[in-house]
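Engineer: Numbering (the working numbering), first residue to last: 10 to 150.
Beta carbons are placed, not taken as given, at the ideal position from N, Cα and C, and that holds for glycine.
Model, not experiment: these values are computed from the prediction.
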């Protein structure tokens, strides 16, 4: 009789603990998918944004089927990753290096909370303002 009562109490308690852990783990990071690209239609990928221990934002992305930068029309020299802040300001957070396998990963850290991530094709990787050739973009989040 006591075993049966214990099981009736243990199951809801265990379910509550697991639910709390699951919510805690998912609230620490956010996964966002890139929208379909008109510039490189086969490219697809996602962005994961996490907070680090210093309250910075870690932006990690993986992209597949990203064409070599010199194959674009017109050809460019660099893929540049930008984050957009709540104020709408775009900030260059680095350059993507493509591989022969067309799969890339990228990681950057920013003190600014991103509300959108996008990639442009540029002539100069250190440009301070995004060009008009947006290769991939997320929706605002």
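With DSSP as the reference, label residue 78 as helix, strand or coil.
Structural biologist: In the structure shown, residue 78 sits in a helix (DSSP, three-state: H, G or I).
Engineer: Given residue 95, which residues of its chain have a CB within under 7 Å of its CB, disregarding the five upstream and five downstream residues?
Structural biologist: So the qualifying residues of the chain are 122, 124.
Engineer: What does the Cβ neighbour count give for residue 129, buried or exposed, with the cut at 16 atoms within 10 Å?
Structural biologist: Looking at its Cβ environment, which holds 16 or more other Cβ atoms inside 10 Å, residue 129 is buried.
Engineer: Below 8 Å CB to CB, which residues in the same chain sit around residue 102 once its five sequence neighbours on both sides are set aside?
Structural biologist: Excluding positions up to five away in sequence, the list reads 68, 90, 91, 92, 117, 119.
Engineer: Going by other Cβ atoms of all chains shown within 10 Å of its Cβ, with 16 needed for buried, is residue 115 buried or exposed?
Structural biologist: The residue is buried, with at least 16 neighbouring Cβ atoms inside 10 Å.
Engineer: For residue 147 and residue 41, which I take to be in contact (beta-carbon distance under 8 Å), what is that distance rounded to the nearest angstrom?
Structural biologist: With a Cβ gap of about 5 Å, residue 147 and residue 41 count as contacting.
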